[in-house]
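Data block below; observations after.
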Amino acid sequence: MHWKEFELLEEVGLTGYERKALVTLMVNGVADAETLCRKGEVPSSKIYQAMENLLIWVSSKSNQRGRDSTPR
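Going left to right, the sequence shown walks through residues 7 to 78 as our numbering numbers them.
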């Protein structure tokens, strides 16, 4: 995969491993850790932390969107 194409994700605060894991999930849909490591070129020692950080990032963005759309 051409990882350089996804550098925009760096601007929103994602690390290299987080970007690779996210893009691999977007391309492959549901994937286990082994697949994310192999196809996403993420070391197995880093995949669980990268996925946990992505979950936190997505949750924070989701909560932020909810607050932004709340009528005042």
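Ideal Cβ placement from N, Cα and C applies to all residues, glycine included.
Exercise for the section: Could you check what DSSP says for T21 in three-state terms: helix, strand or coil? Expected result: In the structure shown, T21 sits in coil (DSSP, three-state: anything other than H, G, I, E or B).
Problem - Segment limits, alpha helix (DSSP H) that includes A39 - result: A39 -> alpha helix (DSSP H) spans 39-46.
Problem - Contacting residues, own chain, Cβ-Cβ under 7 Å from F12 (five flanking each side not counted) - result: When the five nearest sequence neighbours on each side are left out, the beta carbons in the same chain lying within less than 7 Å of the beta carbon of F12 are those of R25, V29, in order along the chain.
Handout entry: Spatial distance of E40 from A27 (CA atoms)
Key = Straight-line Cα distance between these residues: approximately 11 Å.
Exercise for the section: Consult DSSP for E13 and reduce its assignment to one of helix, strand or coil. Expected result: E13: coil per DSSP, three-state reduction.
Problem - Environment of Y54 [buried if 16+ CB atoms lie within 10 Å] - result: Per the 10 Å Cβ criterion, exposed.
Problem - Local Cβ density within 10 Å of V48, reported as buried at 16 or more and exposed below that - result: Counting Cβ neighbours within 10 Å, V48 comes out buried, since at least 16 surround it.
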